[in-house]
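One structure is given here, and the rest of the page talks about it.
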Amino acid sequence: MAIKIHPGQLLFVSLLTLLVSCQPAPGPQLYQQQLFAFGTLIDISIVTRNSQQAQDAISEISSEFDRLHLQWHPWKGGELAQVNQQLALLKPVAISNELAELIKQSQTLSQQSEGLFNPAIGQLIRLWQFDQLENDNFQFHLPSPKAIQSIVDRKPEMANLKVFKNTANKSFVQSDNPAVILDFGAFAKGVAIEKMLTILKAHHIDNALINAGGDLKVTGSKNQQPWRIGIKNPQNAQDPSQPAILAAIQLNSGEALFTSGDYERFFIANGRHYHHIIDPRNGYPGQGVRAVTILDTDAGRADAAATAIFLAGPEKAMNIARKMGVTHLLLIDSDNHIYLSPAMAKRLELLTENSTSIFSTHD
Amino acid sequence: MTNAPGSGTIHFKGTDIIIILLAVLLCVWLYFSLWFGQAIGKADTLIVQIDDQSPTEYSLKNDRLLKFNGRIGTSLIEIKQGKARFIHSSCRNQFCVFHGWLTTPGDTTACLPNRISITLKGYASEYDALAGER
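Here the protein sequences line up with chains A and B, keeping their order. According to the numbering used here, the residues represented by the first sequence are 11 to 373, in order. According to the numbering used here, the residues represented by the second sequence are 493 to 626, in order.
So this is what it looks like as structure tokens:
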């Protein structure tokens, strides 16, 4: 048996094979690096043609995270630690303009949140030892109810602080309540991420994602596609047979996603879980909510709002969100019921079968 | 295969056709196995990072125990049936062990005091990042 084939046909097939084996010209590459910084694990993804550019930016980001972590740590020997030692004297304390800005921003957010976001409760955080997660030489012990109550009774709040400048344009802070100790654990990460994006911009990096321990902000896109984020399912933390991802969402340039949850950072004592989101109203970990995720263009506000709305609970969530200027929120209560703001419902793709309700805009 | 001079045509014999058919089948099989063979969205690799060293990758195909020395002591990591977890670490707070199994690409946990992190990677992850407590 024989088949006749024209040489032209053979040439055509050969050319076709050549075409198939073609690769697109090397475009921008995804450059990823993980850092141990700011008391957490930070993943940086940068889309660039120039890996040196990415490396330079990451090394600057790394030292900036280290600097801010020390400066804003409540007791480790940086600027905030020194300020915290002097605040109780109720005299003016000289501070950097950077710290003055941080205090003023958090005063506004604290007031808007009706005190649920309250960085003035550093004494409570210390008592619960949630400022010591990086340290290994401590053993968790349950604080005494009396010690908790005595701090709560003294009502430390951001309104106790006055930030002002002297005639030489130098910033000062003065407290009128000796119970005030500042701890920016629910805010510093958000503000720090904003600073990191400024660094990326200075390095002419337009497409990047910074994920600091599950709280993140993006700029630009990934190869012309929006950054696609999976929101972790709190139920999966206890029960691995539950889906790992609760919802998927695509982020536009400049959007941040911040979560406060009870499911990773906690201590167990006498068979009970004690998580790290302390309610300033009673001094104990907030009850009734498993997680709150906030989408906002301002990472600092998203960070503060996640904590405040976690403590507000589903009944007051929309009210506090509106006061803080936040529109996109996801809340999961302790029965794993999902609540979404109308704006968030439009953006999220839910991937689980949990019962879900949409907050009314008139709450 | 013979090319009769001047005829302008190629004559294929029976065995040639079998070989061509086999080559075409091989192409089709390679196309599907290479593009879609590794389940998209499934984790296949464990990345271990110790302090500031460059990360090391381990296949999730082989069940094994990995032992690493970090800042404060040792961490023991288990790979089993395509998942990974800390089963021991020298830290007191044990957040890394409480975290349990990592199952999804992008999922990550760390023993911060020991400065050891583990992260799962997939062939084509559905997500660029995972958001939420960790």
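Built from N, CA and C at the ideal position, the CB exists for glycine as well. Source: prediction; values computed, not measured.
How far does the beta strand (DSSP E) with residue i in it extend, from its first residue to its last?
i: L558 (chain B); result: R556 to N561
i: G87 (chain A); result: Per DSSP, G87 (chain A) belongs to no beta strand (DSSP E) and is neither H nor E.
i: Q42 (chain A); result: Q39 to A47
i: H286 (chain A); result: Neither: H286 (chain A) is in no beta strand (DSSP E) and is coded neither H nor E.
i: I278 (chain A); result: F276 to A279
i: N221 (chain A); result: A218 to A222
i: A247 (chain A); result: First-last for A247 (chain A): P244 to Q248, but that is the alpha helix (DSSP H), not the beta strand (DSSP E).
i: H16 (chain A); result: Unbroken run through H16 (chain A): none, as it is neither H nor E.
i: H503 (chain B); result: I502 to F504
i: V228 (chain A); result: D225 to T229
i: D193 (chain A); result: Segment: none, D193 (chain A) is in no beta strand (DSSP E) and carries neither H nor E.
i: I215 (chain A); result: First-last for I215 (chain A): undefined, no H or E at that position.
The alpha helix (DSSP H) that contains residue i, what's its start and end?
i: G132 (chain A); result: G132 to W138
i: F75 (chain A); result: S61 to Q81
i: S116 (chain A); result: N107 to Q122
i: G378 (chain A); result: Any question about residue 378 (chain A) goes unanswered here, given that chain A covers just 11 to 373.
i: V336 (chain A); result: Neither: V336 (chain A) is in no alpha helix (DSSP H) and is coded neither H nor E.
i: Q7 (chain A); result: What the structure shows of chain A is the stretch from 11 to 373, and residue 7 (chain A) is not part of that stretch, so it cannot be assessed.
i: A355 (chain A); result: P352 to R357
What in chain B is Cβ-close to residue i, meaning under 9 Å?
i: Y273 (chain A); result: G624 and E625
i: Q339 (chain A); result: With the sequence shown as reference, residue 339 (chain A) is identified as Leu, and Gln is not the correct amino acid for it. None at all; the shortest Cβ gap to chain B is about 13 Å.
i: T307 (chain A); result: Near T307 (chain A) there are no residues of chain B at all, since even the closest Cβ is about 16 Å away, more than 9 Å.
What residues from chain A crowd round residue i, counting only those whose CB sits closer than 8 Å?
i: Y619 (chain B); result: R238, I239, G240, I255 and A258
i: G598 (chain B); result: G240
i: S609 (chain B); result: Q44, F46 and L51
Using the beta-carbon of each residue, which ones in chain B are nearer than 8 Å to residue i?
i: S55 (chain A); result: D620 and A621
i: G335 (chain A); result: What G335 (chain A) touches in chain B: nothing, since even the nearest Cβ is about 21 Å away.
i: A301 (chain A); result: G624 and E625
i: K86 (chain A); result: Within 8 Å Cβ-Cβ: nothing; K86 (chain A) doesn't reach chain B, min ~15 Å.
i: Q149 (chain A); result: R584
i: A226 (chain A); result: Contrary to the premise, residue 226 (chain A) reads as Leu rather than Ala in this sequence. The answer, in chain order, is A621 and A623.
Residues of chain A with CB under 7 Å from residue i, in chain order?
i: W593 (chain B); result: P250
i: Q541 (chain B); result: Q44
Show which residues of chain B have a CB atom less than 7 Å away from the CB atom of residue i.
i: T269 (chain A); result: A623, G624 and E625
Let me know the alpha helix (DSSP H) ranges lying completely inside the region 295-334 of chain A, each 4 residues or longer, listed in chain order. 309-334
Exercise. Any contact of the region 601-612 of chain B with the region 563-574 of chain B, i.e. 3+ C-beta pairs under 8 Å?
Worked result: yes
Check: Can you give, in chain order, each stretch of the alpha helix (DSSP H) that sits fully within the region 532-616 of chain B and has at least 4 residues?
Finding: 587-590
Practice task
Taking a Cβ distance cut-off of 7 Å, strictly less, list which residues of the region 555-569 of chain B are near chain A, in chain order.
Solution key: I564
Taking one C-beta from the region 220-238 of chain A and one from the region 48-61 of chain A each time, how about it: are there three or more such pairs within less than 8 Å? yes
Against chain B, which members of the region 212-223 of chain A pass a CB distance test of less than 8 Å?
L219, N221 and G223
Along the region 506-517 of chain B, where does the CB come closer than 8 Å to a CB of chain A? Name the residues. G506 and I509
message = Below 8 Å, how does it come out for the region 251-259 of chain A and the region 112-126 of chain A: are there three or more Cβ pairs, yes or no?
response = no
**OP:** Run through the region 141-181 of chain A for me and flag every whole alpha helix (DSSP H) of 4 or more residues, listed as ranges in chain order.
**Re:** 155-163
How about the region 313-329 of chain A and the region 268-282 of chain A: do they share at least three Cβ pairs that are nearer than 8 Å? yes
### Task
Determine contact between the region 198-209 of chain A and the region 151-158 of chain A, defined as no fewer than three beta-carbon pairs at a distance below 8 Å.
no
* Take every Cβ of the region 287-295 of chain A, pair it with every Cβ of the region 502-518 of chain B, and state whether three or more of those distances are shorter than 8 Å. => no
For this session: Using a Cβ-Cβ cut-off of less than 8 Å, list which residues of the region 46-80 of chain A approach chain B; keep chain order.
Result: F46, G49, T50, L51, D53 and S55
Do the region 181-195 of chain A and the region 161-169 of chain A touch if we need at least three Cβ pairs shorter than 8 Å?
yes
*Short-range partners of chain B found in the region 157-175 of chain A, where Cβ spacing is below 8 Å*: none
Subject >> Selection of the region 569-589 of chain B by Cβ proximity to chain A, strictly under 7 Å >> reply: C583, R584, N585 and F587
- [ ] Spell out a yes or no on whether the region 319-327 of chain A and the region 300-307 of chain A are touching, meaning 3 or more CB-CB pairs, one atom from each, closer than 8 Å.
- [x] yes
- Message: Give me the subset of the region 197-213 of chain A whose CB atoms are less than 9 Å from a CB atom of chain B, sorted by chain position.
- Response: none
- Could you tell me whether the region 175-184 of chain A touches the region 62-82 of chain A, where touching means 3 or more Cβ pairs closer than 8 Å? no
task: Examine the Cβ distances between the region 233-240 of chain A and the region 74-81 of chain A and report whether three or more of them are shorter than 8 Å.
output: no
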